[in-house]
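Numbering (this note's numbering), first residue to last: 1 to 676.
As structure tokens, then:
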């Protein structure tokens, strides 16, 4: 953060907003549907609080001159929930327009971008079918491509371009989420980074297939093979798709975990192991080798291997439950590395590696002048007690650990002996998604030395089990005829499965082909509204006792984060009047993108055989669950032949949220499709 001595601490209550629109791409004249939530952030513990229901002013600003082209007032309800709908004027300028919202009685505004373009809806999609069998290093793999129209039917005799890229990856078998699997020490760079490019055609069924041979990596860790394909139809509309496959080093993995991430010199530490196959099935009687020691890299510094000193070794076999254990007693203080290797029946091995800190003695890192804060876990359940090891450059002294959210939550004094201290911190259930730590130590390094100070920072991450809602969306059948009525059943529960009554659900049913243009969106209010904030007094200048303000949020940790990119690129002549709208979607291990030509590039004299139907099948923003946590909504599908995305967003009280998704395909036994 930037630090200035004339900054002051502001005590105004922070508002947090989250706005979700039915989509992010519109044509002029189309209707926008939006749902939003606004909450206050409590100054005492930083938890979300309901706002007083009142009026919310909204307007959409023209990107050319900033003049509002749409404006209005809406009322919030249920402590800060709101929804709105409006038509985009035909005269609206193309490009990014800004939706501005402001709560009555507050000066703070929030902004949400809406893209207005003349675009062509994609007609088809690609699906890449992965091999059903497990892929091991040294074997071959086959990927099958299926090009299909959104409403059904193959895209035949179309050109296909393939590209395959290999790099080092990561794989955590089911059931080992709480164990260290693979390399927990280094962020590995790609090994080899091999690429292969090929061209082909889809057959009469819209299919194509690619076969590849995989290589054996020098270090027994998983590899990732990213396979990318692009198909172009007769109208020069191209669609990309990609899939990332895991190549396993062996048909056995070993998970490793210890009772703590640090231990004192001379004390024993139990290490547990669990052996499974890549699918999570338990493996028994598997040979496990553990090597533990202090790391020392080779002189060249370019090896992936560590040379270990003060080595301790365990040779084990997993029992009938796939478990094994080993007891270590480190004799030297400092950083240690634990390396566990398991071999499958074919003799192939896989590696898991993690760090361990051994405190005590006179070990220190001379290059470090800050306090290092080392929690004993990486993610805590609400209400747990965290043990934090502090390593300081000051060998003897006294310190203070300050725990922050929006302000200081608690302060814990501690004593430093031999440059180390351990502090225990009970975690409040209200501290999700985490708290910031700031440690300060004052002391001397010798009898004649001047007093010295040191400081350090850290973060504790807390699981969302107290605030996450589970949302289930179901339809009687996965397909329906265009124009027919469809009932969607919704159910909401908490982490334990208990039904959540009086929960508000916002239902969106939107053409998936339009979603494919803009990529996945961050619809879940949980991560946005509950984001951890750097407290106003988290950053202290040791030469100035005044607190300063920082508005920079801490990094968000999101499992399975979805990213998107939307850009405009010129054609080969550099003529920006002829634009191509490109969208890239990255979701988990799958990537999809489309290059879509705007209406201006189409032949204006082409005959359209049917009208352009509404891409939004339903927007019901205020559904409420009954005592059983359930509610149903009946909608009428438009006349489009396509697949619809069903998205239900749940909110309860001021701080509990969840999202559920499903799909409905609208199709007929016989379908005719116009050529754009």
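Glycine included, each C-beta is placed from N, C-alpha and C at the ideal position.
**Asked** Taking C-alpha atoms, which residue in 642, 94, 243, 251 lies nearest to residue 135?
**Response** 251
**Prompt:** Taking DSSP as the reference, what is the three-state secondary structure of residue 527?
**Reply:** helix
**Request:** To the nearest angstrom, report how far apart residue 484 and residue 511 are at their CA atoms.
**Result:** 15 Å
**Message:** Rounded to the nearest angstrom, what separates residue 564 and residue 444 at their Cα positions?
**Reply:** Below a pLDDT of 50, predicted positions are generally treated as unreliable, and residue 564, at 25, falls in that range; the measurement from the model is reported next regardless. Taking the straight line from one Cα to the other gives about 52 Å.
**Asked** Is the distance from the Cβ of residue 333 to the Cβ of residue 293 below 9 Å?
**Response** no
**Item:** Closest by C-alpha distance to residue 433, when choosing among 30, 82, 655, 17
**Value:** 655
**Prompt:** To the nearest whole angstrom, what separates the beta carbons of residue 223 and residue 123, a pair I think is in contact under 8 Å?
**Reply:** Between residue 123 and residue 223 the Cβ distance is about 35 Å, and since that is not below 8 Å, they are no contact.
**Request:** Give the single residue among 209, 346, 629, 667 whose Cα lies nearest to the Cα of residue 482.
**Result:** 667
**Request:** State the DSSP-derived secondary structure class of residue 179, mapped to helix, strand or coil.
**Result:** coil
**Request:** Select from 16, 473, 101, 232 the residue whose C-alpha is nearest the C-alpha of residue 61.
**Result:** 101
**Prompt:** Whole-angstrom Cβ separation of residue 473 and residue 462, contact assumed at under 8 Å?
**Reply:** Not confirmed; about 28 Å, so no contact.
**Message:** Quick check on residue 260: does DSSP put it in helix, strand or coil?
**Reply:** coil
**Asked** Going by C-alpha distance, which of 116, 466, 207, 442 is nearest residue 158?
**Response** 207
**Asked** Can you list, in chain order, the residues of its chain whose CB lies under 7 Å from that of residue 139, leaving out five sequence neighbours each side?
**Response** 214
**Message:** Let me confirm a value: residue 394 is counted as buried when at least 16 other C-beta atoms fall within 10 Å, else exposed. Which label applies?
**Reply:** buried
**Item:** Buried versus exposed, by CB contacts within 10 Å (16 or more), residue 311
**Value:** exposed
**Message:** Just to confirm, is the Cβ distance from residue 505 to residue 631 under 9 Å?
**Reply:** yes
**Request:** Under the assumption that residue 454 contacts residue 392 (Cβ atoms under 8 Å), give the Cβ distance between them as a whole number of angstroms.
**Result:** 5 Å
**Prompt:** Considering only residues of the same chain and omitting the five flanking positions on each side of residue 678, which have a CB-CB separation below 6 Å?
**Reply:** Since the first residue of the chain shown is 1 and the last is 676, residue 678 is not available in this structure.
**Message:** For residue 50, tell me which candidate among 174, 103, 86 has the shortest Cα-Cα distance.
**Reply:** 103
**Request:** My understanding is that residue 492 touches residue 503, with C-beta atoms under 8 Å, so please give their C-beta distance in whole angstroms.
**Result:** 5 Å
**Reduced DSSP secondary structure (H/G/I, E/B, other) of residue 430** = helix
**Asked** For residue 512, does the three-state DSSP call read helix, strand or coil?
**Response** helix
**Asked** So which of 652, 651, 644, 657 has the shortest CA-CA distance to residue 664?
**Response** 644
**Request:** Could you spell out where the beta strand (DSSP E) holding residue 60 opens and where it closes?
**Result:** 55–61
**Asked** Does the distance from the C-beta atom of residue 685 to that of residue 121 stay below 9 Å?
**Response** This structure cannot speak to residue 685, because the chain is shown only from 1 to 676.
**Message:** Please report whether the beta-carbon of residue 119 lies at a distance below 9 Å from any beta-carbon of chain C.
**Reply:** Absent from the structure: chain C. Only one protein chain is present.
**Request:** Note the first and the last residue of the continuous beta strand (DSSP E) segment covering residue 119.
**Result:** Here residue 119 belongs to no beta strand (DSSP E), and DSSP marks it neither H nor E.
**Request:** Report yes if the C-beta of residue 165 is less than 8 Å from at least one heavy atom of the ligand COA; otherwise report no.
**Result:** You won't find the ligand COA in this model; it holds no ligand whatsoever.
**C-beta atoms of residue 16 and residue 529 nearer than 9 Å** = yes
**Request:** For the segment 278–292 and the segment 169–177, state whether three or more C-beta atom pairs, one from each stretch, are separated by less than 8 Å.
**Result:** yes
**Message:** Could you give the first and the last residue of the continuous beta strand (DSSP E) run that contains residue 492?
**Reply:** 485–493
**Asked** What's the call for residue 328, buried or exposed, on a 16-neighbour Cβ count within 10 Å?
**Response** buried
**Request:** For residue 682, count neighbouring Cβ atoms within 10 angstroms of its own Cβ and tell me buried if that reaches 16, exposed if not.
**Result:** In the structure displayed, the chain extends from 1 to 676; residue 682 sits before or after that span and is not available.
**Request:** Give me the Cα-Cα distance between residue 427 and residue 379, rounded to the nearest whole angstrom.
**Result:** 12 Å
**Asked** Which residues does DSSP pair with residue 111 in a beta bridge?
**Response** 100
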